[in-house]
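Here the structure is laid out as structure tokens; the discussion comes afterwards.
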Amino acid sequence: MYFLTAIGQYIIFLKKIFSRLEGSKILFPKILDEINDLGMSSIGFVSFISIFVGAVVTLQVAYNMENPLLPTYLIGLASRDSLILEFSPTMISLVLAGKIGSHIASSIGTMRVTEQIDALEVMGINSASFLVFPKICATIFINPFLIILSIALGLVGGWLAGNITGICPTEEYLLGIKYEFIPFNMAYAIIKTIIFAFIITTVCAFFGYNIKGGALEVGQASTKGVVYTSIFIIICNYFITHLLLN
Amino acid sequence: MIVVDSITKSFSGNVVLDNFSSKFEPGRINLIIGRSGSGKTMTIKCMLGLHQVDCGSIYFDNRNFISLSERDRKKIRKEIGMVFQGSALFDSMTVSENVMFPLTMSSKMTKDKMIERVNFCLNRVDLKNVNDLYPSELSGGMQKRVAIARAIALNPKYLFCDEPNSGLDPATAKVIDNLLKEITYEYKITTVINTHDMNSVVDIGDRIIYIEEGRKKWEGDKKTFLETDDKELHYFKSFSKLFTK
Chain A
1 MYFLTAIGQY IIFLKKIFSR LEGSKILFPK ILDEINDLGM SSIGFVSFIS IFVGAVVTLQ
61 VAYNMENPLL PTYLIGLASR DSLILEFSPT MISLVLAGKI GSHIASSIGT MRVTEQIDAL
121 EVMGINSASF LVFPKICATI FINPFLIILS IALGLVGGWL AGNITGICPT EEYLLGIKYE
181 FIPFNMAYAI IKTIIFAFII TTVCAFFGYN IKGGALEVGQ ASTKGVVYTS IFIIICNYFI
241 THLLLN
Chain B
1001 MIVVDSITKS FSGNVVLDNF SSKFEPGRIN LIIGRSGSGK TMTIKCMLGL HQVDCGSIYF
1061 DNRNFISLSE RDRKKIRKEI GMVFQGSALF DSMTVSENVM FPLTMSSKMT KDKMIERVNF
1121 CLNRVDLKNV NDLYPSELSG GMQKRVAIAR AIALNPKYLF CDEPNSGLDP ATAKVIDNLL
1181 KEITYEYKIT TVINTHDMNS VVDIGDRIIY IEEGRKKWEG DKKTFLETDD KELHYFKSFS
1241 KLFTK
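Those protein sequence lines, which keep their order, are chains A and B. Going by the numbering used here, the first residue of the first sequence is number 1, and it counts up by one from there. Going by the numbering used here, the first residue of the second sequence is number 1001, and it counts up by one from there.
Rendered as structure tokens:
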């Protein structure tokens, strides 16, 4: 019952976000601020994780391909497809759910408990739309770039790991990552990322916006936001994959 | 003038505001007093539309706020200034940006005019050289003054203050009280203040409403308040040294 109530409240919250939007003069600078706050500040973090994930994927693929009949370039090919189809869009989105999701839930939650949201409402501003809509636009815009960067750096990480350990020489690796490349896989990764960006922003904002209480509840909302976002991402990942790749 | 007509508010069957009615006249300071949890803040929040009332009407100069569409409510909200208990300044903005915020959102002023207005409002509340500071860098009293500056930025017809003195030392509390008094008389604002500070009642109250458990128990001007032997009020007044000497 609680779950159904929460889903209903979430849908009402979404409706509120997309109603009575402020003009572009107000929204555009806010979207740019959010791109900087939520996206640009994540570049270093995403880059670091991607390089190591790419390296680990390459080592694991090589570990599972001990058969001498299998060509070495398959290591590059398998790493590429793993990174594009799953590791970058899903794993980095989960990581971003932790980083920017908790930031969104706690910042909006703090605004709620310190009556800043009430102050916006008294001024006649639709607080849900004013606070959350720019964040949605920002993450939907910047997250695909972060994922593309993640894929690129993951491949670099894989190349470095293959070279350093000597399990996959550069020529073989490059051949593998170019071999029978399907451009739709990139579209699939970006579609997933956009949907995950929407989930990260709205679910975490929902928990922050509906806080009742004080500082303790802000922490709880932040944790709940990240947990539910991760669950939604995993569930959506299955359905999107089923829909787009089958 | 604000007229509140028989408003009731309950949460899950628990009545927190019961059939409350009153009139708040312009150019006067209307105090709502009562113990913590008596429903003072709820009264103000219902009047501002932050909580939907179960029944009753609220008129801002003959415009029924309850029955208006959100768009029409927005027009009234532009005429309202609010000072929250904890100031509710936007943490991510400087003092200037906080005071400028309502102007940016609701006026068509040029940037220069806005800066001029911000400086005027900050001067009016006796704040100087704080424009570029963030709220976290200010004292509680200064934050309250910035909140008042933000509340008057749009020249409001109605000013609401939720316990403006809470957490302040008596000297600073008096400064804030005097400031609210001056602003109310100067601009003929309809001011509604929630407080349980008896000093404020004596210093600035023109009209006093006493509520208890969500019900209005007493209403009258300051002179009557000081002289009355009303039993309900007597109990509340007996806790203040001002009235027990």
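By construction, the Cβ of each residue, glycine as well, lies at the ideal position given by its N, Cα and C atoms.
- Your pair Leu1050 (chain B) and Ile1208 (chain B) does not check out as a contact, with CB atoms roughly 23 Å apart and the cut at 8 Å.
- Nearest Cα to Ala1171 (chain B) within the set B:Glu1227, B:Gly1140, B:Val1118, B:Asp1112: B:Gly1140.
- If you look at Cys1121 (chain B), you'll find it in the alpha helix (DSSP H) that goes 1111-1124.
- The beta carbon of Arg1077 (chain B) sits closer than 8 Å to some beta carbon of chain A.
- Inclusion of Arg80 (chain A) and Ile177 (chain A) in the CB contact set at 8 Å is warranted, their separation being smaller than that value.
- Residue environment for His242 (chain A): exposed (fewer than 16 other C-beta atoms within 10 angstroms of its C-beta).
- Following the DSSP letters along the chain, one finds Ser222 (chain A) inside the alpha helix (DSSP H) bounded by residues 215-245.
- For the segment 1061-1088 of chain B, the beta-carbon criterion of a distance under 9 Å to any beta-carbon of chain A is satisfied by Glu1070, Arg1071, Arg1073, Lys1074, Lys1075, Ile1076, Arg1077, Lys1078, Ile1080, Gly1081, Met1082, Phe1084, Gln1085, Gly1086, Ser1087, Ala1088.
- For Met123 (chain A), the number of other beta carbons within 10 angstroms of its own is at least 16, and it is reported as buried.
- Residues Ile240, Leu244 of the same chain have their beta carbon placed closer than 8 Å to that of Ile191 (chain A), with the five preceding and five following residues left out of the count.
- Close partners of Glu217 (chain A) in chain B (Cβ separation under 9 Å) are lacking, with about 16 Å as the shortest Cβ gap.
- The beta carbon of Val46 (chain A) lies closer than 7 Å to those of Ile92, Leu146, Leu149, Ser150 in the same chain, with the five residues before and after it left out.
- Residue state for Asn1014 (chain B) is assigned as strand, using DSSP reduced to three classes.
- Secondary structure note for Tyr1059 (chain B): it is in no alpha helix (DSSP H), and the uninterrupted beta strand (DSSP E) holding it is 1055-1060.
- Your pair Ala1149 (chain B) and Arg1124 (chain B) checks out as a contact, with CB atoms roughly 7 Å apart and the cut at 8 Å.
- Between Met1047 (chain B) and chain A, the shortest Cβ-Cβ separation is not below 8 Å.
- DSSP places Arg1207 (chain B) within a strand segment (E or B) once states are collapsed to three.
- The alpha-carbon of Pro29 (chain A) is positioned some 29 Å away from that of Phe48 (chain A).
- DSSP places Gly1140 (chain B) inside the alpha helix (DSSP H), whose first and last residues are 1140-1152.
- For Thr1172 (chain B), the uninterrupted alpha helix (DSSP H) segment begins and ends at 1170-1187.
- Excluding residues up to 5 positions away in sequence, Gly1140, Gly1141, Lys1144, Ile1176 lie with their Cβ nearer than 8 Å to the Cβ of Leu1168 (chain B) in the same chain.
- Close partners of Ser1106 (chain B) in chain A (Cβ separation under 9 Å): Met123, Gly124, Ile125.
- The Cβ of Glu34 (chain A) sits no closer than 8 Å to any Cβ of chain B.
- Rounded to whole angstroms, Ile75 (chain A) and Ile194 (chain A) show a C-alpha spacing of 29 Å.
- DSSP, reduced to helix, strand and coil, places Glu66 (chain A) outside both helices and strands of the structure shown, so it counts as coil.
- In the DSSP assignment, Asp1197 (chain B) falls outside any beta strand (DSSP E) and carries neither an H nor an E.
- Judged by pairs of C-beta atoms under 8 Å, the segment 1182-1193 of chain B does not touch the segment 1097-1116 of chain B, as fewer than three such pairs exist.
- In the structure shown, the three-state DSSP call for Ile167 (chain A) is coil.
- In the three-state DSSP reduction, Leu1031 (chain B) falls in the strand class (E or B).
- Boundaries of the alpha helix (DSSP H) harbouring Arg1073 (chain B): 1070-1077, taken from the DSSP string.
- When DSSP assignments are scanned along the segment 16-62 of chain A, the uninterrupted stretches of alpha helix (DSSP H) that are 4 or more residues long and fall wholly within it turn out to be 24-34.
- Listed in chain order, the non-local C-beta contacts of Ala1153 (chain B) below 6 Å within the same chain comprise Val1099, Pro1102, Leu1103, Cys1121, local neighbours out to five positions each way being set aside.
- Taking 8 Å as the cut-off, the Cβ atoms of Val156 (chain A) and Ile51 (chain A) count as close.
- Note that the segment 163-173 of chain A does not touch the segment 216-223 of chain A; fewer than 3 beta-carbon pairs, one per stretch, sit closer than 8 Å.
- At least 8 Å separates the beta-carbon of Asp1197 (chain B) from that of Lys1174 (chain B).
- Annotated as proximal: Pro134 (chain A) and Leu27 (chain A), with beta-carbon spacing under 8 Å.
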